[in-house]
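The listed protein sequences correspond, in order, to chains A and B. Just so we're aligned: the first sequence equals residues 2 to 117 in our numbering. Just so we're aligned: the second sequence equals residues -1 to 112 in our numbering. Please read the structure below before turning to the comments.
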Amino acid sequence: SAVISQKPSRDICQRGTSLTIQCQVDSQVTMMFWYRQQPGQSLTLIATANQGSEATYESGFVIDKFPISRPNLTFSTLTVSNMSPEDSSIYLCSAAGTEKSSYEQYFGPGTRLTVT
Amino acid sequence: AQSVAQPEDQVNVAEGNPLTVKCTYSVSGNPYLFWYVQYPNRGLQFLLKYITGDNLVKGSYGFEAEFNKSQTSFHLKKPSALVSDSALYFCAVITYNQGGKLIFGQGTELSVKP
């Protein structure tokens, strides 16, 4: 399995500011994704992070609000821009397409964001 | 549209009893099905998957799941529940014509009482 780390693990931010979340995978992966999860609820896919090109966003999510980078096969960042309290959530990074398996997605521990 | 349903928000079982967490799916094409578990304040952990082959798949921590194509179901089971199994469980499906994106069910809170 792939081991995924995220930084920061949690943060409290003021409205109007931006936060960049980093996701590091311990091996090269084909696909990386960013999800949002309200505590105790299901996950909503924000976007697919594409290596060397623009991310593919799901309906309701836009690049200006959630810019994503993926400079190589092991690293991605998600920025939450111009934050409002509605952005308070857990943000999870996932990766799929390792040497051993094409199918399982492995998840990072999440970043708990609180916007005041 | 592709979707996954977990009809029970919460399942309560006594320790030592068998448990079942239900999942049904609706996809076009062949589904790849997964179960994940999330413990409080933790990320999602992969439990098991069905890709092809034997309809009964075994996974981590003694869990298993049965793929039933006619009923479009993939219920998670364990013969004897432990208190430590208490967590939030998610069923998910991938169809690879959708770029490998996971579609999650809404989650089922499993509570195992001593």
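Every residue gets a Cβ at the ideal spot worked out from N, C-alpha and C, and that includes glycine.
Nearest-angstrom Cα distance between residue i and residue j?
i       : j      : result
G27(B)  : C21(B) : 18 Å
D52(B)  : T18(B) : 19 Å
R37(A)  : D12(A) : 15 Å
L114(A) : E59(A) : 20 Å
G60(B)  : T57(A) : 37 Å
A90(B)  : R71(A) : 25 Å
T78(A)  : W35(A) : 9 Å
L86(B)  : S71(B) : 19 Å
Applying the criterion that 16 or more other CB atoms from any shown protein chain within 10 Å of the CB defines a buried residue, is residue i buried or exposed?
i       : result
V63(A)  : exposed
G103(B) : buried
D7(B)   : exposed
P29(B)  : buried
For residue i, decide whether its Cβ has a neighbour in chain A, counting only Cβ atoms nearer than 9 Å.
i       : result
Q155(B) : Outside the modelled stretch of chain B, which goes from -1 to 112, sits residue 155(B), for which no answer is possible.
R51(B)  : Looking at the sequence itself, residue 51(B) is Gly, so the reference to Arg does not match. So no, G51(B) is outside the interface.
G41(B)  : yes
F61(B)  : no
L115(B) : Residue 115(B) lies beyond the stretch modelled for chain B, which goes from -1 to 112, so this question has no answer here.
F6(B)   : Note that residue 6(B) is Glu in the sequence shown here, rather than Phe. Cβ-Cβ to chain A under 9 Å: no for E6(B).
K56(B)  : no
With a threshold of 9 Å between beta-carbons, can residue i be considered close to chain B, or not?
i       : result
N111(A) : Here residue 111(A) is Gly; the residue named in the question, Asn, does not match the sequence. Yes, G111(A) lies at the interface with chain B (some Cβ there is under 9 Å from its Cβ).
G41(A)  : yes
G61(A)  : no
I13(A)  : no
E105(A) : yes
Could you give the residue range of the beta strand (DSSP E) that holds residue i?
i       : result
R125(A) : Because chain A in this structure spans residues 2 to 117, residue 125(A) falls outside the shown range and cannot be described.
V81(B)  : Run containing V81(B): none; DSSP gives neither H nor E here.
Taking residue i as the query, report the chain C residues whose CB atoms sit under 8 Å from its CB, ordered along the chain.
i      : result
F65(B) : You won't find chain C in this structure, because its protein chains are A and B.
For the ligand MG, is there any heavy atom lying closer than 8 Å to the beta carbon of residue i?
i       : result
G111(A) : In the structure shown, the ligand MG is absent, as is every other ligand, since no ligand is present at all.
What residues in the region 72 to 90 of chain B bring their beta carbon closer than 9 Å to a beta carbon of chain A?
Residues L86, F88, A90.
Mind checking the region 8 to 35 of chain B against chain A and listing, in chain order, the residues whose C-beta falls within less than 9 Å of any C-beta there?
Listed in sequence order: Y30, F32, Y34.
Taking only beta carbons into account, state which residues of the region 80 to 99 of chain A come closer than 8 Å to chain B, listed in chain order.
Per Cβ criterion, the list reads L93, S95, A97, G98.
Under 9 Å, CB to CB, which of the residues in the region 44 to 76 of chain A have a partner in chain B?
Those would be L44, T45, L46, T49, T57, E59, in chain order.
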